[in-house]
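Numbering (the working numbering), first residue to last: 72 to 355.
Below you'll find the structure, written out as structure tokens, and then a few comments.
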Amino acid sequence: MPSAGGLEPDQGWSGRWGVLVKLPAVHPTDLYVVRHHAQSPGPPVVLVHGAPDRSRNYARVVHQLSDLSVTVYDRRGYGQSLAAGAGGGGFDVHADDLIALLDGNPSVVVGQSAGGAIALAAAARAPELFLSLAMWEPPMTPWDWWPPSMRQQAAAWAQAEDTEALAEQFNRGILGDVRFEQLSDRTRSMLRAEGAAFRADMASQDRPFADLDRLTMPRIVGCGTVMPTDPTFVDLHRHTAERTGSELLVVEGADHSAHLSRPEAWVRLVRAAVELAGSTATST
């Protein structure tokens, strides 16, 4: 059974990755953290959500990973971690939070969109904590292969003065006006409150947020083929894979929010990352 609001003691994991026994995990104060299938074999897996988003949207993915110990959490300023700092703090703070969450325990880390960028930043800072790194459509906005139009959009969001209006506009664009109005008052208030963290995440993309030369763990980039506004979208992620020394997983028919719309695609990415971690451990 999942444990809400904190982590259970890690009982260790074994197999081709060796054996590791840890003390109870320490996680950043006030972050909402849940460990699923804590007694499962295999390496620990940590999922990092995008922006704006929250860990509950990984539910269908986690359900298909019952053979793995999977940790999810709401990043600072999102969902049930709003109290930890509504402003979020941007990629630097989120990378520090992820490193603290890992608590010295080498893990397979998989991030979606901005969560992938944050995982990348953390991996460059503490490569020894990453058995492997997987990113689903990470925004590599500061680098030269990323389209200027996407860079300009991130900059526009970063300059928004009214963060609640920013968040409402963004979520209406994703959900549609009818669906947004059907949400409870509490949910709409939460989504608006996430606007400050969302703006900080966008502002973090005005400069390189990771030293790519410090990446030493096996890496994989995942992407879908559904991006109606940009037919070259797969090529962007092919460039990301090449420039970060990563493998590339392309899933036909999947979109940016595949963890919700096509969870089996995301499960493929997680399992590919686990295989990469195992292959590296076996060869060393």
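Where is the CB? At the ideal position from N, CA and C, for every residue including glycine.
Between residue i and the rest of its own chain, which residues show a CB-CB distance below 6 Å, the 5 nearest in sequence each way excluded?
i              : result
alanine 348    : Pro114, Val179, Leu202, Ser203
glutamate 265  : Pro123, Tyr149, Ala238
tryptophan 216 : His310
leucine 102    : Tyr144, Ser152, Ala155
threonine 234  : Gly266, Ala267, Arg270
histidine 327  : Glu208
aspartate 219  : The question names aspartate, yet the displayed sequence has proline at residue 219. Closer than 6 Å at the Cβ level, and outside the excluded window around proline 219, lies no residue.
leucine 173    : Leu200
If we ignore side chains and look at the alpha-carbon of each, how far apart do residue i and residue j end up?
i              : j              : result
arginine 333   : methionine 261 : 25 Å
methionine 206 : alanine 227    : 24 Å
glutamate 318  : glutamate 208  : 13 Å
valine 345     : alanine 325    : 21 Å
isoleucine 245 : threonine 315  : 29 Å
glycine 175    : aspartate 168  : 12 Å
arginine 222   : serine 350     : 36 Å
tryptophan 248 : alanine 231    : The residue asked about is misnamed: residue 248 is aspartate in this sequence, not tryptophan. Spanning the two alpha carbons is a distance of roughly 21 Å.
arginine 285   : arginine 257   : 42 Å
glutamine 253  : arginine 259   : 9 Å
glutamate 335  : glutamate 323  : 12 Å
Near residue i, which residues of its chain fall below 8 Å by C-beta distance, leaving aside the five closest residues on each side in sequence?
i             : result
aspartate 282 : Ala195
arginine 278  : Pro213
glycine 158   : Gly148, Ala267, Ala268, Ala271
Cβ of residue i within 7 Å of any heavy atom in the ligand SAM?
i           : result
leucine 286 : Although the ligand SAM was asked about, the structure shown includes no ligands whatsoever.
Counting only the same chain and skipping the five closest in sequence on each side, list residues whose C-beta sits under 7 Å from that of residue i.
i           : result
valine 321  : Cys294, Thr296, Val305
alanine 166 : Ile189, Ala192, Ala193, Arg196
valine 338  : Val132, Gln135, Leu136
Out of the options, point me to the one whose CA is closest to residue i's CA.
i              : options                        : result
histidine 120  : Leu136, Ser111, Arg147         : Arg147
valine 164     : Leu173, Asn176, Ala193, Ala231 : Ala193
methionine 288 : Gly247, Glu199, Asn176         : Glu199
alanine 312    : Gly161, Met211, Gln183         : Met211
valine 292     : Gly161, Val181, Ser220         : Val181
glycine 161    : Ala225, Ala343, Phe241         : Ala225
alanine 185    : Leu173, Pro112, Gln276, Pro177 : Gln276
arginine 290   : Glu323, Ala343, Ser255         : Ala343
Taking C-beta to C-beta, are residue i and residue j nearer than 8 Å?
i                 : j             : result
aspartate 145     : serine 126    : yes
phenylalanine 359 : alanine 188   : A query on residue 359 cannot be resolved here, the shown segment of the chain reaching from 72 to 355 and no further.
phenylalanine 251 : arginine 243  : yes
valine 117        : valine 341    : no
methionine 298    : alanine 229   : no
tyrosine 129      : histidine 330 : yes
Q: Identify every run of the beta strand (DSSP E) within the region 190-215, keeping only runs that are complete inside it and at least 3 residues long; order them along the chain.
A: Correct list: 201-207.
Q: Within the region 256-320, note down every full alpha helix (DSSP H) run reaching 4 residues or more, in order along the chain.
A: Runs of the alpha helix (DSSP H) inside the region 256-320: 256-264, 266-274, 304-314.
(Q) Give the list of continuous alpha helix (DSSP H) stretches no shorter than 4 residues that lie fully inside the region 157-191. (A) Note on the region 157-191: whole alpha helix (DSSP H) runs with a minimum of 4 residues are 161-173, in chain order.
Q.
Report the start-end ranges of each alpha helix (DSSP H) in the region 101-148 that is 4 residues or longer and not cut off at the edges.
A. Entirely contained in the region 101-148, the alpha helix (DSSP H) runs reaching 4 residues are, in chain order, 130-134.
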